[in-house]
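Below is one structure, written out as C-alpha cells; the observations come after it.
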Amino acid sequence: MSERSPLSRRALLGAAGAGAVAASVAGGYAVGATRDEPVRPDPEAVPVAFEGRHQAGILTPAQDRLHFVVLDVTTESRDELVGLLKEWTQAARKLTQGNEVGVYGAVAGAPEAPPEDTGEALGLPASGLTLTIGFGPSLFERDGRARFGLGDARPADLVDLPLFSGDRLEPSLTGGDVAIQACANDPQVAVHAIRNLVRIAFGRASVRYSQLGFGRTSSTSASQATARNLFGFKDGTANVKSEDRDVDDVVWVQQGDGPDWMVGGSYLVARRIDMRIETWDREPLAGQEAIIGRAKGSGGPLSGGDEHATIDLGKRGSDGQPLIPVTSHVAKAHPDNNGGARILRRGYNFVNGTDGLGQLAAGLFFISYQRSPEQFVRIQRNLAGPTNDALNEYLVHRSSGLFACPPGVGPRGFWGETLLG
Ligand SMILES: C=CC1=C(C)c2cc3[nH]c(cc4nc(cc5[nH]c(cc1n2)c(C)c5CCC(=O)O)C(CCC(=O)O)=C4C)c(C)c3C=C
Ligand SMILES: [Fe+2]
0 MSERSPLSRR
10 ALLGAAGAGA
20 VAASVAGGYA
30 VGATRDEPVR
40 PDPEAVPVAF
50 EGRHQAGILT
60 PAQDRLHFVV
70 LDVTTESRDE
80 LVGLLKEWTQ
90 AARKLTQGNE
100 VGVYGAVAGA
110 PEAPPEDTGE
120 ALGLPASGLT
130 LTIGFGPSLF
140 ERDGRARFGL
150 GDARPADLVD
160 LPLFSGDRLE
170 PSLTGGDVAI
180 QACANDPQVA
190 VHAIRNLVRI
200 AFGRASVRYS
210 QLGFGRTSST
220 SASQATARNL
230 FGFKDGTANV
240 KSEDRDVDDV
250 VWVQQGDGPD
260 WMVGGSYLVA
270 RRIDMRIETW
280 DREPLAGQEA
290 IIGRAKGSGG
300 PLSGGDEHAT
310 IDLGKRGSDG
320 QPLIPVTSHV
330 AKAHPDNNGG
340 ARILRRGYNF
350 VNGTDGLGQL
360 AAGLFFISYQ
370 RSPEQFVRIQ
380 RNLAGPTNDA
390 LNEYLVHRSS
400 GLFACPPGVG
410 PRGFWGETLL
420 G
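In numbering that gives the first Met the number 0, the protein residues as written are 0 to 420.
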C-alpha cells in the first residue's frame with residue numbers, strides 16, 4: 000500500500016480540517032436528510048458522494064467551476080472500451096473523494112517511472128468535485144455501422160440534435176462519443192480531474208474538444224443564490240431546482256421511456272454559445288431588460304415583483320402592450336409557450352481570451368439535463384431564428400452535443416455498466 004493511501008490529498012500534506020468533517024453527502028443531501036432539507040456542502044471540505052442511484056453533478060448544487068471534455072473513442076474493441084470505463088470509474092472514485100489517481104499517486108511511486116497522478120491537486124481538498132459521464136450517438140453507430148455491439152442499445156431519441164435556425168456550428172466542437180463534465184469549486188481540481196482521465200484514455204480515446212467555465216450561470220438548488228451571466232443578468236432564477244416536487248419527472252429517465260439501461264439516467268445537452276459582448280454593452284438598460292424580460296438589478300420579471308415573483312405573461316401596461324415583451328427570452332423560453340417543457344439548466348460562463356478584432360471571445364457554455372432530448376428541442380425551436388427570441392441578435396451557437404448519461408454506479412459498479420456490463 001502506498002504511504003498515503005487511503006488518505007486524502009490534503010491529509011497527506013498535513014493540512015487540518017478536511018478529514019474531520021468528511022461526512023458522506025449523496026448528491027448534495029446529507030445522508031439521513033430528507034429531500035426537504037437541502038444542505039449546502041462545504042465547498043472546501045466535504046466530498047460529494049460518487050456512488051448513488053443517479054450520477055452526481057446533475058442535481059448536485061452547481062459548483063463554481065467547470066472543465067468539460069468531449070472525447071472520441073479510437074479503439075474499436077469492446078473489451079478495451081469496457082476496460083477504459085472501469086479504469087475511469089476507479090480514478091473518478093478517488094478524484095471525487097480528494098484522493099490521488101492510481102496506487103502510488105503523484106509522488107510515492109518509483110522514481111524511474113512517470114507518476115500515476117499528475118500532482119497539481121496535491122494539497123487541495125475535494126472541492127465539491129463531481130464527474131459525470133455521457134455517451135453520444137456516435138458511440139453506438141457511425142456511418143451507418145454499429146460499434147461495440149451497441150447498435151440495438153441506442154435509445155431512439157439519442158440522435159444528433161437538429162440544426163436550429165441561426166446555428167453556426169463548428170464540426171470540431173460538435174458531436175463526440177463520450178462527454179465528461181467535471182464541476183468543482185476550485186478550477187485546478189476540475190482541470191486536474193479531466194487531465195488525469197484523458198491521460199488514462201491514451202491509446203483508446205482522444206480529446207475532440209474541451210471547455211473551461213466559471214461563474215455557474217444556473218443554480219440547481221433553492222439553497223443557492225442566483226449568479227449572473229456575462230450580460231450581467233441573474234441567470235437560473237426560474238430553473239428547475241432539486242427541491243422541486245416534479246424534479247424527477249423533468250430530469251430522470253423513467254421505466255418505459257426507452258431501453259432499461261438508461262432508467263435513472265438523464266440526457267445532457269451541451270452548446271457553446273458565443274455572446275456578442277461589446278454589442279450588448281452598447282444596448283440601453285431598458286432595451287437589455289426588454290430583451291431578457293426581467294429587471295437587471297433584482298432579476299424580477301417585468302410584470303412586477305421581486306426575483307422569485309411569478310411571471311405574468313398576460314399582464315399589460317397602460318399602452319396595452321404586454322409588460323414582458325412576447326419576443327423576450329423568458330417569454331419564448333417559458334413552459335407556457337413550449338407545451339409545458341422544462342429543463343434543468345447547469346451552464347457556465349466562459350472567456351476564451353479575445354478574438355482577432357480585440358473583442359472578448361466569451362459566452363455561455365450551455366448545459367442542460369432532461370428526461371428526454373425532446374424537452375430541449377422544443378424550447379430551442381421556439382427560441383431559435385431571427386424573428387423569435389430577441390436575444391438571438393447577440394448570440395451565436397457554435398457547438399452542439401447530445402449525450403446519454405447512464406444512471407449512477409454502486410460500490411463495485413462502473414460507468415456504463417448497465418449498458419456494457
Ligand atoms: C434551449 C434552452 C435555452 C438556451 C439555449 C438559453 C440560452 C441563454 N439564456 C440566457 C439568459 C437567461 N435565460 C433565462 C431564462 C431561461 N432560459 C431558458 C432556456 C434557455 N436559455 C429557460 C427555460 C429559462 C426560464 C424561462 C422561465 O420559465 O421563466 C434568464 C432569466 C432568469 C432565469 O430564469 O434563469 C436569463 C437571464 C443566455 C445569456 C443564453 C445564451 C447565451
Ligand atoms: Fe436562457
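Every residue gets a Cβ at the ideal spot worked out from N, C-alpha and C, and that includes glycine.
Please read these numbers as outputs of a predicted model, since none were measured by experiment.
Annotated three-state conformation of S265 is strand, per DSSP. A contact between stretches requires three or more CB pairs, one per stretch, nearer than 8 Å, and the region 216-236 fails this requirement with the region 68-82. Pairwise C-beta distances place the region 367-386 out of contact with the region 64-78, as fewer than three of them are shorter than 8 Å.
In the DSSP assignment, L363 forms a beta bridge with I272 and N348. With contacts defined as CB atoms closer than 7 Å, V252 and V262 qualify as a contacting pair.
Remark: three or more beta-carbon pairs, one from each stretch, lie closer than 8 Å, so the region 109-129 and the region 84-100 are flagged as touching.
Assignment of T278 by DSSP, reduced to helix, strand and coil, places it in the helix class. 7 Å or more divides the Cβ of V246 from the Cβ of S265. Put simply, the backbone Cα of R270 is about 33 Å away from that of E115.
The alpha carbon of G56 has as its nearest neighbour, out of I179, L160, A340 and S164, the alpha carbon of I179. Close CB contacts of K331 within its chain, under the 7 Å cut and outside five residues either way in sequence, are with N381, L382, N387 and D388 (chain order). Contact between the region 290-299 and the region 185-193 is not established, with fewer than three Cβ pairs separated by less than 8 Å.
For the pair of segments examined, the region 396-412 was found not to touch the region 334-341: the number of CB pairs separated by less than 8 Å stays below three. Scanning L196, G104 and P136 for the CA closest to the CA of F67 turns up L196.
At least one heavy atom of ligand 1 falls within 6 Å of the beta-carbon of V329.
Comparing alpha carbon positions, the residue from G148, D354, F349 and M274 closest to L211 is F349. In the structure shown, the three-state DSSP call for I310 is coil. In this chain, the alpha helix (DSSP H) harbouring L418 covers E416 to L419. Not one heavy atom of ligand 1 lies closer than 6 Å to the C-beta of T73. The residue from N228, D176 and D185 with its alpha-carbon nearest to that of V206 is D176. For the pair A152 and E140, the Cα-to-Cα distance works out to about 10 Å.
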